[in-house]
Every structure is written in C-alpha cells, then in structure tokens.
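Colleague: Quick one: the structure is below, questions incoming.
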Amino acid sequence: MVDEQVFAEYALFALQPQHTAEVAFALGVPRAGRLLSAGRGGAVFRSGGPDHYAEVRVELWPLRPPVTAGEWDEVDEAQLETSGTELRLASPTAWVGDHPVLLPAPGRYRVRAAAAGREAARARGGSGPPYPSGLERWLVQLWPA
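Below you can see the structure in the form of structure tokens.
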C-alpha cells in the first residue's frame, strides 16, 4: 500500500512504470465521463480540477477487491500493462512520487479508481501557488488480470 499526496497538474496524474521506456501519459487524457485511461505503460487519472494536491492511496491485491460502497463520488475500472515491476505516481511535467508500488511480476493488471471531492477540486483547484491540498481523495486498486 502506498499513501501519497499527488500533484494533480492540469487535472491529471498517472501511475506509471519506473526504469522502463513506458510512459502512461502517452495513453492520452481519459475521455469524457471516465476517471482513467489505461493500457501499455500504466494509467492516467483525470482529477476534478487543475493544479492541486490530491490524497491518493494505491493498494495491490492478489485478487479482485471488494468495492467500497457509499464513500466515493465516482468509480472507474480498466486494464494496464507493464514490462516493469515498479510503478510510481507522477504528474505530467515534473513531480514523481517518493514511494514505489512494487508488483509481483510484469504483465497485465486490472486497475480500479474511486474518487471523492471532485467538485471541491473543480471549484478551488488551479488558483496558483500555494496550491490547495486535501480537496480530493483517490483510492487506486490493482490486481492481476
């Protein structure tokens, strides 16, 4: 499990491999109505608003985890693929998380994202430094596909 404060820059952040040439942001922006886009190279998440710090928890599960009902505004799911075993949270231009998510093996993983506080991020994000924090919470769950 990794808990990190992520810089949601331009309303985006990613979970992508380290030490490989794969870059999640090459997948593009999640389409309208989706929280994430995923594929070879990781997953890109669409925040409710630009330029703020979101609280993100990433969990690795051996099997499909239960959905935590009631506390999330939106939930979305997709599949990512990686040739590496270390993933990190990252922003589009410069920020990279301090804590790795260590996978048991390269390959395909299901990814579920659940978010709360998206309206607060939309209303208050992007106001410039100092950037707001704690507006939005995310739970990202991974398990083998």
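Position 71 of the sequence shown, counted from 1, bears residue number 71 in this note's numbering, the numbering being contiguous throughout. Quick reminder that beta carbons are idealized off the backbone N, C-alpha and C, glycines included.
Could you check what DSSP says for Arg57 in three-state terms: helix, strand or coil?
Modeller: Three-state DSSP puts Arg57 in a strand.
Colleague: Taking a contact to mean a Cβ-Cβ separation below 8 Å, would you say Pro144 touches Gly107 in this structure?
Modeller: Yes, Cβ-Cβ distance for Pro144 and Gly107 is below 8 Å.
Colleague: Using a threshold of 8 Å, state whether the C-beta atoms of Ser91 and Glu9 are closer than that.
Modeller: Contact flag set, yes.
Colleague: Using a threshold of 8 Å, state whether the C-beta atoms of Ala123 and His52 are closer than that.
Modeller: No, Cβ-Cβ distance for Ala123 and His52 is not below 8 Å.
Colleague: Decide if Gln141 is buried, meaning its Cβ has at least 16 other Cβ atoms within 10 Å, or exposed.
Modeller: Counting Cβ neighbours within 10 Å, Gln141 comes out buried, since at least 16 surround it.
Colleague: On the criterion of 16 or more Cβ atoms from any shown chain inside 10 Å, does Ser133 qualify as buried, or is it exposed?
Modeller: When all chains shown are included, Ser133 counts as exposed.
Colleague: Quick check on the DSSP output: the alpha helix (DSSP H) that includes Ala24 runs from which residue to which?
Modeller: Careful: Ala24 lies outside any alpha helix (DSSP H) and carries neither H nor E.
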